[in-house]
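Engineer:
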Amino acid sequence: RLPLHKRISPSFGGKPTDGVRQNLNAATELFQRPPATIGGLSRRLERPRESRSQLRSPTSKTYVNRSLSSTSLPVLADFVSSLYPLEEGDTRRTGRRRHPSAERFVKRFKANRVELANRLFRIFNEKVFEKRLPDDLSVVWNTRLLRTAGQCKYLRREVIPRVGEKTITRIAQIELSPKVCTSAERVRDTLLHEVCHAAVWILDGVNDGHGSRWRRWANRAMQVWPDIPVVSVCHAYTIETKFTYRCTGCGACINRHSKSIDTEKQICGRCRSRFELLINTPRGRMMRPSVAGTMDKRLLAHCAVRPQVQPSELNEKRRPAFADFVRENYRHIRQKPEIKTHADAMTELAAFLGICTYHMISSPVALRLSPLGVVSTAFLAPWTLRCVRPYQLSRIASLSSSTNTDNTEGTASDGAENKTCDQFRERISTGPGLGDFISASRYYSLEHPGRTIPSIRASPGERLRLPEWLKTDIPHGGNFAKLTKELRSLKLHTVCEEARCPNVGECWGGRSTAATATIMIMGDTCTRGCRFCSVKTSRAPPPLDPSEPLNTALAVSNWGVEYIVITTVDRDDLDDGGAGHIAETIRQIKEHKPSMLLECLVPDFRGNLESVAKVVDASPEVYAHNLETVESLQRSVRDYRAGYLQSLRTLEAAKEHDCRTSHSRRGTPPTLVTKSSLMLGLGEKDEEVLAALQDLRKAGVDCVTLGQYIQPTKRNLKVKEYIHPKKFDYWASVAKELGFLYAASGPLVRSSYRAGEFYIANIVKQRTCT
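With our numbering, the residue at position 94 of the sequence shown is 222, and numbering never jumps.
1. Taking the C-alpha atoms as reference points, what is the distance between cysteine 381 and lysine 393?
2. I'd like to know whether the C-beta atoms of leucine 678 and glutamine 716 end up nearer to each other than 7 Å.
3. By Cβ distance below 7 Å, which residues in the same chain neighbour glycine 771 in space, the five residues on each side in sequence not counted?
4. For valine 877 and leucine 834, which I take to be in contact (beta-carbon distance under 8 Å), what is that distance rounded to the nearest angstrom?
5. Quick check on the burial criterion: 16 or more other C-beta atoms within 10 angstroms. Buried or exposed for alanine 449?
6. Under a three-way DSSP split, which group does methionine 474 fall into?
7. Candidates Ile714, Ala707, Gly705 and Met724: which alpha carbon is nearest asparagine 686's?
8. Tell me which residues share the same chain as threonine 276 and place their Cβ nearer than 6 Å to its Cβ, disregarding the 5 neighbours each side in the sequence.
9. May I ask which residues mark the beginning and end of the alpha helix (DSSP H) holding asparagine 408?
10. Along the beta strand (DSSP E) that carries phenylalanine 371, what are the first and last residues, could you check?
11. State the CB to CB distance for the pair isoleucine 649 and isoleucine 694, rounded to an integer number of angstroms; the pair is presumed to be in contact (CB under 8 Å).
12. Please state the DSSP three-state secondary structure of tryptophan 353.
13. Is it buried or exposed for lysine 855, if we count other Cβ within 10 angstroms and need 16 for buried?
14. Hey, could you find the ends of the beta strand (DSSP E) cysteine 280 is sitting in?
15. Using CA atoms only, rank isn't needed, just tell me which of Cys654, Ala863, Lys826 and Glu676 is closest to serine 899.
16. Measure the beta-carbon distance from leucine 304 to valine 359 and round it to whole angstroms, keeping in mind my assumption that it falls under 8 Å.
17. Could you tell me whether the stretch 840 to 854 touches the stretch 816 to 827, where touching means 3 or more Cβ pairs closer than 8 Å?
18. Pop quiz: leucine 806 and threonine 757 are said to be a contact at Cβ under 8 Å. What is the actual Cβ separation, rounded to whole angstroms?
19. For the structure I just gave you, are there three or more beta carbon pairs, one from the stretch 337 to 357 and one from the stretch 373 to 390, closer than 8 Å?
20. Work out the CA separation of methionine 474 and cysteine 661 for me, nearest whole Å.
21. Would you identify the three-state DSSP class for glycine 828, choosing helix, strand or coil?
22. Use the C-beta contact count for serine 879: other C-beta atoms within 10 angstroms, 16 or more gives buried, fewer gives exposed.
23. Roughly how many angstroms separate the alpha carbons of cysteine 728 and valine 689, rounded to a whole number?
24. Would you check if the distance between the CB atom of alanine 711 and the CB atom of lysine 742 is smaller than 7 Å?
25. Quick one, are the C-beta atoms of cysteine 280 and histidine 325 less than 7 Å apart?
26. Put aspartate 835 into one of helix, strand or coil per three-state DSSP.
27. Run through DSSP, which three-state label would isoleucine 891 get?
28. Output the distance between the C-alpha atoms of arginine 400 and glutamine 839, rounded to the nearest integer angstrom.
29. Indicate the three-state DSSP secondary structure (helix, strand or coil) for alanine 300 in the structure shown.
30. Look at the Cβ atom of proline 670, then the Cβ atom of glycine 651, and state whether they are nearer than 7 Å.
31. What residue range is occupied by the uninterrupted alpha helix (DSSP H) comprising isoleucine 692?
32. Would you list the residues sitting across from serine 266 in a DSSP beta bridge?
33. On the CB-based measure, 16 or more other CB atoms within 10 Å of its CB, does tyrosine 768 come out buried or exposed?
34. Going by C-alpha to C-alpha distance, which of Val323, Thr366 and Ile330 sits closest to asparagine 347?
35. Applying the 10 Å Cβ sphere with the 16-neighbour rule, what's the burial state of arginine 284?
36. Please state whether DSSP places cysteine 324 in a helix, a strand or coil.
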């Protein structure tokens, strides 16, 4: 047989150069060796790095024509370097040939990804880390990783070889994301990145992040495989999702792997518009579900043709309904003699558009105006008046009254319109007036004038928006800023801020009376985690401040108020629950300002009646403890250490202790006023609320407050129902019938709300005088 270079050289048209002969001799030697050594000699066929610069110089002795070098045999890449995508598998373009064992991992990646990850780890451990990493290092696929390609968890394992001995072993667990690592190439690059993290933790014994040690291991890996992508700190993968929710207003997109957004309930946080669902195709296009459903599955998977929905249709903005309404009716409005300017015409059109809402017809375009500006009779329905706004009544009435005088030439249709206008005018005259629309009871119904709209109730999983009766002004004013600055200087906390009370602007603003704040002592961190409360929680809060009682007394004595509320967090880490600290604060306030009436809102002290007696002995005028909710919801609303019967027993014990001490020490009737509070809107039933009020009255409670629960943060309980103000008035009357001396009931009423302070102060003064 002839040598290989002699058989190939005639096709070149001349004698081969030294460079070509050197390449062909190497190829001849390669094919004469056993197949097992081909992979090891693959790098010998690659052109030396220094020869690349010589290729640019035609005068060099080793110059090789590019047309000749393109005929050299493709290089056989190793397994790690062969995991490139299928579209890069053309050997004429890449100059390399895929390793045979890597073919199935690239073509059938999803079925073999677990085996691929384990095989890559063994290769990395052998060639980069010299088998120093444990062979049983866990490489798992975590379906909950949606936005990151992988992560390395640092763990410690406690090993007890003998009794009394203990060693700590560092181990690691690598997790890969099946949603992001969607190809063999991504698995290789991501796993190499995470294995470098594992080496830093296990071999170097530190948590270095992407520091110098991690870079050292990454550089060592790049020396072994210089032809793969550089090991970077962050991946640049495009996360492929199945669905995209796009805002119809501003065009903002949210990518999701599943249909997790309800387009009927959730809206865009930027422009308050609705979302539309689009299906993502493998070629990066988006189409609506109605179009995707009509396409063949194979056609949809490969996207061989252009989808029926054009990009211009997906990117177009919806034309506002008011624009269509103006375009169709502007000419008729401008013909009216009283319309002088464009502003008058737009004002008139806006007034007519207010009649047409989703209560009446589907689109404002369906509302037509006759040439004289009269509402067309074909589109008026009996429930139209329900949508009319107060400022539109005068315009519609004047418009309907001038119909007969302006239209002198009548037809059969005009007569029908006049008859309808007479009925329309009669409805306006007999219907609700302007005062009915702007009064406090703005939820008036024409079908049932004596009935109000029921409370707003949430469906499962829905987050209700605040109704109108719960919206308050933003806190501002001189008193608000002054009080805030004073509290900060004295390092005092208030429940108004910690619990995000909606009445903080009213109580601190001091519009009608002196400003009032509810001081929260014993710190701003609670040991309990009630689901309705937004106060910070901790198992080990900071220790108590010994100077807090004096600072509190100095602060409230300079406010110029006669009634103050002192509340506390729960401190189950203290032996007495903080009762001694509360009692000392009360004594300091009484010492600095004896005339001040003081209400203390205290915890249940886990049922410790000695702590209750310690607070009562400090002589507060009002002893308050909140029941919070009905008995059936205690477990789901309050902390497990609280209880319905425990709270009732605390209130009853405070009353009994005051009775005993009054007769034994002072010989006077008891003066202590007890108070409690309930939150509504958590899913309670009316009979349960009534039972809770009856139990409070049996425990001797004198005052009760009922308010609407408002979710302070997204981490807290959702609101199940927004109670209507009329229902709160009903519960106030029920409480008075049960014998409570005072009952404050309203959507914004809180346990320390100042609306009831004056009445309670009068009760205390009357008992003191008697």
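Backbone N, C-alpha and C fix where the C-beta goes; we use that ideal spot for every residue, glycine too.
Note that the structure is a prediction, hence the values are computed from the model and not measured.
Structural biologist: The answer reads as follows:
1. Going by the C-alpha atoms only, they are around 17 Å apart.
2. Yes, they are a contact pair.
3. The residues are Gln762.
4. Rounded, the Cβ-Cβ distance is 7 Å, consistent with contact.
5. Exposed: under 16 other Cβ atoms inside 10 Å.
6. Methionine 474: helix per DSSP, three-state reduction.
7. Distance check between asparagine 686 and each of Ile714, Ala707, Gly705 and Met724 places Met724 closest, using alpha-carbon atoms only.
8. Excluding positions up to five away in sequence, the list is empty.
9. Where asparagine 408 is concerned, there is no enclosing alpha helix (DSSP H), although the beta strand (DSSP E) it sits in stretches over 403 to 408.
10. Counting along the chain, the beta strand (DSSP E) containing phenylalanine 371 begins and ends at 371 to 375.
11. Distance from isoleucine 649 to isoleucine 694 at the Cβ level is roughly 6 Å; contact confirmed, criterion being Cβ atoms closer than 8 Å.
12. If DSSP states are grouped into helix, strand and coil, tryptophan 353 belongs with coil.
13. Buried: at least 16 other Cβ atoms inside 10 Å.
14. Segment 278 to 287, the beta strand (DSSP E) holding cysteine 280.
15. The chain is shown from 129 up to 898; residue 899 falls before or after that span and cannot be answered.
16. Taking C-beta atoms under 8 Å as the contact rule, leucine 304 and valine 359 fail to qualify, at a distance of about 16 Å.
17. In this structure the stretch 840 to 854 does not touch the stretch 816 to 827; the number of beta carbon pairs closer than 8 Å is below three.
18. Contact between leucine 806 and threonine 757 holds: their C-beta atoms lie close to 7 Å from each other, under 8 Å.
19. As far as the Cβ criterion goes, the stretch 337 to 357 does not touch the stretch 373 to 390, which means the pair count is below three.
20. Cysteine 661 and methionine 474: Cα-Cα distance of roughly 49 Å.
21. Of the three classes helix, strand and coil, the one that applies to glycine 828 here is coil, per DSSP.
22. Within a 10 Å sphere around the beta-carbon of serine 879 sit 16 or more other beta-carbons, which makes this residue buried.
23. Taking the straight line from one Cα to the other gives about 16 Å.
24. Cβ distance < 7 Å, so alanine 711 and lysine 742 count as in contact.
25. Taking 7 Å as the cut-off, the Cβ atoms of cysteine 280 and histidine 325 count as close.
26. Contrary to the premise, residue 835 reads as glycine rather than aspartate in this sequence. Glycine 835: strand per DSSP, three-state reduction.
27. In the structure shown, isoleucine 891 sits in a helix (DSSP, three-state: H, G or I).
28. Straight-line measurement puts the Cα of glutamine 839 at about 21 Å from the Cα of arginine 400.
29. Alanine 300: strand per DSSP, three-state reduction.
30. Yes, the Cβ-Cβ distance between proline 670 and glycine 651 is below 7 Å.
31. First-last for isoleucine 692: 691 to 696, but that is the beta strand (DSSP E), not the alpha helix (DSSP H).
32. Gln301.
33. With fewer than 16 Cβ atoms within 10 Å of its Cβ, tyrosine 768 is classed as exposed.
34. Among Val323, Thr366 and Ile330, the Cα nearest to that of asparagine 347 is on Val323.
35. Exposed: under 16 other Cβ atoms inside 10 Å.
36. Three-state DSSP puts cysteine 324 in a helix.
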